Each structure stands twice: as structure tokens, then as C-alpha cells.
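So the structure is just underneath, and the comments pick up after that.
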Amino acid sequence: MPAAQTWRNWSRELTCHPVAIERPGTAEDLCAVVSRAAESGQRVRASASGHSFSDVALTDGVMVRLDRLDRILSVDAERGLVRVEAGAVLAELNERLDELGLALENLGDIDRQTLAGAISTATHGTGATWRNLSSQVAAIELATADGQLREIDAESDPETLRAARVGLGALGIIYSVTLRVLPAFTLRRVDRARPLAEVLERLDELPEEFDHFEFYVFPHTDTALCRETTRTDEPPAPTHPAKRWLQEVAIENGAGSVLAAALRRFPNRAPQLARVAERGVGKAVTVDRSHRVFASERRVRFTEMEYCLPRGSRGDAARHVSDALEIASRPDLGVAFPVEVRFAAGDDAFLSPSFERDSLYIAVHHHRRLDWQGYFAAVESMLAEREGRPHWGKRHTRSAADLEPAYPAWAEFAAVRDRLDPDRVFGNDYTDRVLG
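According to our numbering, the sequence shown is numbered sequentially starting from 33.
Structural data, given as C-alpha cells:
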């Protein structure tokens, strides 16, 4: 038996020791890896890029890395379909699609994830009428526990596709994904500060005013830092690479690193540090191709929890945000990292946090080496009581017993899992906890 190897996630918080790390280069290789592991009684997990803050990818069995499976396999521009291997990193995939005159309709604010990891955990961007990334999936090829490659699409097997689109890696290892794409388009994004009271007062209207609206607020401050994005016919005006590096790396990430270091050394100065960080954000306008506007550079290694809530009746969203900010501003918690607020349209993937409801997402962050547990626990307790569903790739403490009532199609997902993986070859401690 080979010695176990070590794997860590992006934030360097989570570590596991797989008995083997496999890097298949073809569909046949992938199926062979799964078959060998199943025959030897080992469980199998795909680790993707490690951008999850939950332990969704950890394993002491066989870890499959999809790095070598990153090719575009076919393009049908007329039908708006592109088939891609599941290990493609979103940043690189977006550039290749742009060269083909194509684009994904919506993206998250980080593009370093692999395609498989992003859809499997229901990664989302923002926009009241736009759904998460998994909703753009038309078909999936899955290496299942019997060592076979199974093609799943909406025409031949719609129920299985609704399970596999947000599958948490619990149904098999994704080999390829067929994505619905659009002709390449341009976005105009305005980053600016608004009074927090104004944003909360208009929180039912602002997401409808822009194609993509989000904001974040540093605790102990009264300013909402807004990102207001609309689709435009203006020609792209790409930011000069040096200027972009200066803004995103030197200023934003540099300031974030200073904030993180100062907070770790002086946690009792959190209110002052948050106010300094808030004052350092100015107005900026960006007009460029969609993928370069959606995504931002993230180098500060924080930790994060995010919850999805129904937007609800008028005023509900503002109440959820206000109460999260009240917790973040508690002096005993020492929080200086911002609370982030985004929006998404409902979708039909069985385990999507936005399943059958238009949603508000609230994300909280903290220094990974400080006492984030008390902060996250307080926010989670409040949001869970309000029909909140956790983001599968972010920290949370929920288990199958209390998650099942939150997902109307829980039984449908469980039935697909029982059919595709009755022996739980693709399980780990995380799926044991959250799926049962």
C-alpha cells in the first residue's frame, strides 16, 4: 500500500491524507480509476481546485484530480452548446469561449474553480433574474461506481440531471459538462459607495434596477459598497493590465492583506480597522467583456460562510442583512471583514440552495486564524431559523436531519443517489453528515 499523500484546500485550513491521488488524462483513465477504487473497497472523491471552505472534498480514500481533463470537446454555436471536460478552470475556459465569440450567461466573483467543482456546489454570481452556474448545464457525463461512463441529459433523463447538476460529488466523478452559452457580450460595471440606510430602504428595488447588483458592508460602518452592472452595447474598453494589477492586486488584495495582518495582531481594534478599510474604496467604472467584469482577484486567505434565504415579502431582505450586520458589529467578536450580499433567481436542481425560490445570499468572512467559530455560529443560527440553506462549498454545521426539511426535493435526490451509488463509493465524512 503506497504512503498517504497530503492535500490542502486554497485557504490552507483543511487538510486530508488520501491513500492515493490520481490524475486521469482521458475518460477511460477516469473510469479505470473509479473501478479500481471500488473493487478495492476505497471511497473516491474529486478535489477540484480546493476553493471550498467546507470539507466537501476531503478524503482518506482515493482523491481524483481533474487537472488534465480541461479540453473543450465540441462546440455547437448555432444551438448555443459547448461540451467541456470537467477539470477546466473557469478563468481559462472563459478566455477560450471568448475567442470563439461565446460566453456564459452569469459567473461568480471568483473564477479559479474548476467547472465540476463550481457546478457541484451550486456556485453562483448575482442578478435577480439570473440563476446559478449549474442551471447552465444541459448534459453531464458521469463516471459511476460500476466503472462506466454515463451520459445524463434533460431529454433522456431529466430527473437524474436535476440531481447531478448540484451533486456534491456524491453520485460519481464528472468527466464532461455540456453548457448552454450565449454570444459574447459586454458589461458596464460601476463600483461606488451608497449610504447603507438608502440601500436597505431600496433593497427590494435595486436588484431589479441592474442586471447584476451586489454590495458589501464593513461592520461598524454605515456605507454600502455597491457593484452595479448592466449589459451594454458599448465596445469593450479593457483596463490596461498594469492598471488592473495595481487596482486588484496591489490595492485591493494588498489592503486586504494589511487588514488581515492587523486584525490578527490587534483583534480588539476591529471597529477602527473596518472603518479604515471602508474609506479606502472609491468609485470605479469598468466596461469590458463579461468574464473580465464578473470575476475579481482574491489573494487574501480568509474563511467564509454563506447562506441562501428566500427574498420574501417587502422588507424581509433588509431585515436579514441588518441582523447579520448587527451580529458582525458585536464588540466581543472582533470582526473587520465585510458582509457580502448577492441575489439569484430560483432554479430546479434538487440540492440547489435556490431551489424553487428567488434568493438572497448573505456571506460572512473572517480571518482564518482568528476565532471565526463564534461569529459564524451566531449568524448561522439566525439565518437557519429564517429558512436559510447553506452554500455547500462554504462553512456550515448543518446535518442531514435538519437539512432534509429545508429541501422539498430531498427524497428525489436520495433516490437518484441510491440508484447510482448504492454502496456510497463517492462518499466522505462530509456527505455522511449532510446527506446521511
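The beta-carbon is built from N, C-alpha and C at its ideal position, and this holds for glycine as well. Remember, predicted model here, so these are calculated numbers, not experimental data.
message: On the criterion of 16 or more Cβ atoms from any shown chain inside 10 Å, does S413 qualify as buried, or is it exposed?
response: exposed
Following the continuous alpha helix (DSSP H) through P190, name the residue where it begins and the one where it ends. P190 to A196
| Taking buried to mean at least 16 other C-beta atoms within 10 Å of its own C-beta, is N126 buried or exposed? | buried
- Task: For my contact list, I206 and L174 are in at a C-beta cut-off of 8 Å; report their separation, rounded to the angstrom.
- Result: 6 Å
*Which ranges does the beta strand (DSSP E) cover as unbroken runs of at least 3 residues, wholly within the stretch 410 to 464, from first to last along the chain?*
none
Q) Mapping DSSP to helix, strand and coil, what is W404? A) helix
Determine whether the beta carbon atoms of A381 and V198 lie at a separation below 9 Å. yes
Range of the contiguous alpha helix (DSSP H) that encloses D185: Here D185 belongs to no alpha helix (DSSP H); instead the beta strand (DSSP E) covers L181 to D185.
Just how far apart, CA to CA, sit A269 and S322?
-> 12 Å
By DSSP, does P135 sit in helix, in strand, or in coil? The amino acid occupying residue 135 in the given sequence is Ala; Pro does not appear at that position. Residue state, collapsed to three classes: strand.
Notebook entry, point to check: Going straight from the alpha carbon of G201 to that of A78, what length do you get?
Noted result: 7 Å
Checklist entry - Is there contact between the stretch 95 to 109 and the stretch 121 to 140, where contact requires at least three CB pairs shorter than 8 Å? => result yes
**Request:** Give the straight-line distance between the Cα atoms of L62 and G366, rounded to the nearest whole angstrom.
**Result:** 46 Å
Original post:
Per DSSP, R221 is paired with what?
Top reply: T261 and T318
Q) Which residues bound the beta strand (DSSP E) around L211? A) I205 to R212
Three-way DSSP call (helix, strand, coil) for H156 in this model: coil
query = Looking at C-alpha atoms only, which residue of L228, W42 and S81 is the closest neighbour of T253?
reply = L228
Identify the continuous beta strand (DSSP E) that holds I172 and give its terminal residues. V169 to A175
**OP:** Measure from the alpha carbon of T318 to the alpha carbon of each residue in A410, H397, I394 and R220, then state which is nearest.
**Re:** R220
What is the DSSP secondary structure of I359, reduced to helix, strand or coil?
-> helix
How many whole angstroms separate the CB atoms of V76 and V457, which I take to be in contact at a CB cut-off of 8 Å? 6 Å
* Thinking C-beta only, is R451 closer than 9 Å to A410? -> no
Check: Just how far apart, CA to CA, sit D178 and P454?
Finding: 11 Å
_Residues in the same chain with beta-carbon distance under 7 Å from R48, minus the five sequence neighbours each way, listed in chain order, please._
The displayed chain sequence assigns Cys, not Arg, to residue 48. So the list reads W39, L90, T91 and D92, once near-sequence residues are dropped.
inquiry  = I'd like the ranges of any beta strand (DSSP E) spanning at least 3 consecutive residues and lying wholly in the stretch 47 to 78.
reply    = 52 to 54 and 76 to 78
- Message: According to DSSP, is P267 part of a helix, a strand, or is it coil?
- Response: coil
### Task
Could you name the residues that DSSP lists as bridge partners for E233?
Per DSSP, none; premise fails for E233.
Unbroken beta strand (DSSP E) run spanning E336, endpoints: F334 to P342
| task | Check whether the stretch 416 to 426 touches the stretch 141 to 155, taking contact to mean three or more Cβ pairs, one atom from each stretch, closer than 8 Å. | result | yes
Among A376, V373, L392 and I359, whose alpha-carbon lies nearest the alpha-carbon of Q405? I359
request  = Work out the CA separation of F334 and N285 for me, nearest whole Å.
outcome  = Because N285 sits at a pLDDT of 45, beneath the cut-off of 50, its placement in the model cannot be relied upon, and the following sentence gives the value as read from the coordinates. Straight-line Cα distance between these residues: approximately 11 Å.
Quick check on A360 - is its C-beta less than 9 Å from some C-beta in chain D?
No chain D is present in this structure, which holds just one protein chain.
task = Taking R401 as the reference, give the member of E336, A447 and V121 with the closest Cα.
result = E336
**Request:** Whole angstroms is fine: what's the gap from I283's alpha carbon to I142's?
**Result:** With a pLDDT of only 43 at I283, under the threshold of 50, the placement of this residue in the model should not be trusted; the figure read from the coordinates follows. Cα to Cα, the separation comes out at about 17 Å.
Quiz item: Which class does S166 belong to by DSSP, given the choice of helix, strand or coil?
Solution: helix
Around the Cβ of E237, are there at least 16 other Cβ atoms within 10 angstroms (buried) or fewer (exposed)? exposed
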